[in-house]
Every structure is written in structure tokens, then in C-alpha cells.
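Enquirer: Chains as they are written, first to last, in the UniProt record's numbering: chain A, 1 to 119; chain B, 1 to 119.
There are 2 protein chains.
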Amino acid sequence: MRIGELARRTNVSERSLRYYEKQGMLTAERTPGGHREYPEAAVDRVIRIQELFAAGLCSEKIVQLLPCMRDTDGGPSVRATPNLVAELTAERARIDRMIADLIRSRDTLDEVIEAARVP
Amino acid sequence: MRIGELARRTNVSERSLRYYEKQGMLTAERTPGGHREYPEAAVDRVIRIQELFAAGLCSEKIVQLLPCMRDTDGGPSVRATPNLVAELTAERARIDRMIADLIRSRDTLDEVIEAARVP
DNA sequence: CTAGAACCTGACACCCATGTCAGAATCAAG
DNA sequence: CTTGATTCTGACATGGGTGTCAGGTTCTAG
Chain A
1 MRIGELARRT
11 NVSERSLRYY
21 EKQGMLTAER
31 TPGGHREYPE
41 AAVDRVIRIQ
51 ELFAAGLCSE
61 KIVQLLPCMR
71 DTDGGPSVRA
81 TPNLVAELTA
91 ERARIDRMIA
101 DLIRSRDTLD
111 EVIEAARVP
Chain B
1 MRIGELARRT
11 NVSERSLRYY
21 EKQGMLTAER
31 TPGGHREYPE
41 AAVDRVIRIQ
51 ELFAAGLCSE
61 KIVQLLPCMR
71 DTDGGPSVRA
81 TPNLVAELTA
91 ERARIDRMIA
101 DLIRSRDTLD
111 EVIEAARVP
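This is how it looks when you write it as C-alpha cells:
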């Protein structure tokens with residue numbers, strides 16, 4: 001598929017898709033004229049990338065991480081180096097803290113919303 | 001307490017504390033010489049602010065939200081307007097999605113970490 | 001009184017994913 | 001071929017909290 005369709009299906013702007021490619025997170029074939037041609041699996045990959053961004057990972061980490069992920073088509077995956085594993089473990093801890101924070105914030109909102117609802 | 005101590009105790013830079021004040025999220029008495037003097041409750045408040053930032057709320061929303069929160073000292077709290085409630089409800093939904101995303105990313109990391117551990 | 005620590009204001013820089021625009025080339029359908 | 005939709009590259013802008021520095025004032029212990 002081409003970039004417009006991928007953008008529509010993932011809800012990610014074309015701008016961002018090109019950026020992902022430049023950062024090495026996403027690859028695409030090219031038509032003779034130079035237009036990008038994505039495989040079906042790109043949809044899943046882009047969604048993963050977005051999730052990882054939302055989790056606070058930077059492009060660089062994602063670039064290292066992606067080849068170690070089990071591919072959607074069950075293809076072979078690269079094994080993470082011990083160093084990368086250490087970094088990812090730290091990221092994991094950070095994500096845990098982030099989730100805990102989010103839950104506290106959600107509780108705060110709930111409290112305010114509830115207080116406004118009850119007379 | 002003064003700004004240095006508050007910064008130390010909350011792990012938030014003095015720069016940010018002054019920024020919070022300028023945005024109207026935090027108030028402080030002043031010594032005759034103009035130095036900020038915070039009450040004990042400021043510690044909790046700053047931590048709350050940080051959590052809300054982490055949850056993706058902008059200063060403006062936080063400013064509206066803070067007076068509606070039950071104060072640490074159980075003081076009286078302002079009631080959220082219907083309009084604010086609507087906005088907070090939307091924020092709450094966004095936080096829920098964010099949490100779901102984070103859990104997926106954490107699972108992704110776990111998978112990669114586990115795959116590297118097992119021979 | 002004095003030295004040094006702490007604090008003040010204001011301004012500029014940064015991050016980094018994303019938005020946006022311009023000008024040109026490609027693609028697909030008539 | 002023509003035309004309109006899509007895509008291309010490159011460059012500049014944005015946001016919003018935070019870092020940092022400069023130059024000056026205030027506080028506090030000795």
C-alpha cells in the first residue's frame with residue numbers, strides 16, 4: 001500500500017511515517033518513480049511504534065528494539081544484547097511508574113468529577 | 001519552607017517551581033526581602049502537579065483543576081463547572097487509553113527481554 | 001560587619017515528534 | 001495527452017516544560 005493509505009489506516013500522519021523511515025524504524029519498497037510501497041505488516045508496525053512513543057521511548061531505543069520483536073508474520077527475530085536488555089529493563093520500570101502515576105491522576109480526576117456530580 | 005528545600009523534597013527543580021507559580025498552579029508567601037515561603041502542603045501539591053503533567057494535562061487544565069481538588073488539609077474545595085467536568089471526563093478517557101497503551105508497550109518489552117533471557 | 005550560601009528576575013536554548021508549506025515529480029483514469 | 005489526486009524532498013515552525021546563565025539581592029552563621 002502507499003503512504004496515504006497507511007496514514008489513514010494507522011491514524012498517523014504521512015509526515016510522521018516519513019520521519020519514522022528516516023530514523024530507521026520503518027522501511028518501504030519504492031516504485032520506479034520513487035513512491036513508497038508498504039507491505040501489509042507495516043500497519044501493525046506503525047501502531048507499535050506509536051505505542052512505544054507514547055510509553056516515552058525515544059526513536060533511538062525503538063530502532064534497537066524493533067528488530068528484536070517477534071514479527072507479525074512470525075519471522076525470525078534478532079536477540080537483544082545484554083546491554084539492550086538492561087536498558088529495556090530500566091524502561092520497563094519507568095513504564096510501571098508511569099502507569100502508577102496515571103492511575104493516581106485518574107483517581108484525582110474521578111474525585112473532582114464525582115464531587116461536582118453529587119449535590 | 002523555602003524553594004530549595006521544596007525542590008529537594010519533591011525532586012522538582014527550582015526552575016519548575018517558579019514556573020508553576022507563574023502559571024498560577026502554586027502560590028507562596030514572600031519574606032520581606034522577596035523570597036518565597038511555602039507551607040508544608042506545597043509538597044503534596046507539587047507532587048500532584050507533576051503527576052498531572054505526566055498524565056498529559058497542560059498547565060491550563062491543571063490550573064482549573066487544582067482548586068476543585070480536596071485539599072490535603074481537608075479545606076473547602078471549589079466545585080467544578082459542567083464545562084470543566086466535560087473536559088476532565090475527556091481527559092480521563094485519554095488517560096485510560098494511555099494506560100492501555102503503556103501496558104501493551106510493557107508487554108512488548110517483556111517479550112523481548114524474555115526472548116533474550118531464554119537460550 | 002562579612003562571607004558565602006541561597007534566592008531573585010529575565011532571557012535565551014533545547015528537545016523531538018509533529019505540523020505545515022513550497023515547488024516539483026509521479027501515478028492513474030479518462 | 002491531459003488532468004487531478006497523490007507523493008516526493010527539504011526546510012522552517014511549534015509547543016511546553018525544563019535547563020542554564022547572568023547579574024543582582026537577601027539571608028544567615030560566625
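The beta-carbon is built from N, C-alpha and C at its ideal position, and this holds for glycine as well.
So B:Val63 contacts chain A; which residues on that side make the cut at Cβ distance below 7 Å?
Expert: Within 7 Å Cβ-Cβ: nothing; B:Val63 doesn't reach chain A, min ~13 Å.
Enquirer: Quick one: does B:Met98 have its CB under 7 Å from some CB of chain A?
Expert: Yes, its Cβ sits closer than 7 Å to a Cβ of chain A.
Enquirer: Would you please state the rounded distance, in angstroms, between the beta carbons of B:Ala42 and B:Leu52? I believe it to be under 8 Å.
Expert: Not confirmed; about 15 Å, so no contact.
Enquirer: B:Cys68 CB to nearest chain A CB: under 7 Å?
Expert: Yes, B:Cys68 lies at the interface with chain A (some Cβ there is under 7 Å from its Cβ).
Enquirer: Does any CB atom of chain A fall closer than 7 Å to the CB of B:Val112?
Expert: Yes, its Cβ sits closer than 7 Å to a Cβ of chain A.
Enquirer: Tell me which residues share the same chain as A:Arg79 and place their Cβ nearer than 7 Å to its Cβ, disregarding the 5 neighbours each side in the sequence.
Expert: These residues qualify, in order along the chain: Cys68.
Enquirer: Quick check: the region 87-95 of chain A against the region 53-62 of chain A, are at least 3 beta-carbon pairs closer than 8 Å?
Expert: The answer is yes - the region 87-95 of chain A touches the region 53-62 of chain A, with three or more Cβ pairs under 8 Å.
Enquirer: Thinking C-alpha only, which one of A:Ile47, A:Val112, A:Thr31 is nearest A:Arg8?
Expert: For the residues A:Ile47, A:Val112, A:Thr31, the minimum Cα distance to A:Arg8 belongs to A:Ile47.
Enquirer: Sort out for me which residues DSSP pairs B:Glu51 with in a bridge.
Expert: In DSSP, B:Glu51 forms no bridge with anything.
Enquirer: Report the rounded CA-to-CA distance for B:Arg70 versus B:Tyr20, giving the unit in angstroms.
Expert: For B:Arg70 and B:Tyr20, the distance between alpha carbons rounds to 19 Å.
Enquirer: Answer yes or no: does any C-beta atom of chain A fall closer than 7 Å to that of B:Leu88?
Expert: Closer than 7 Å to some Cβ of chain A, the Cβ of B:Leu88 qualifies, so yes.
Enquirer: Under 8 Å Cβ-Cβ, which residues of chain B neighbour A:Leu52?
Expert: Those within 8 Å of A:Leu52 in chain B are Ser105, Thr108.
Enquirer: If contacts are defined as beta-carbon pairs under 8 Å, then A:Glu29 and A:Glu40 qualify, I think. What distance do you get, rounded to the angstrom?
Expert: Actually they are not in contact, since the Cβ atoms of A:Glu29 and A:Glu40 sit about 13 Å apart, beyond 8 Å.
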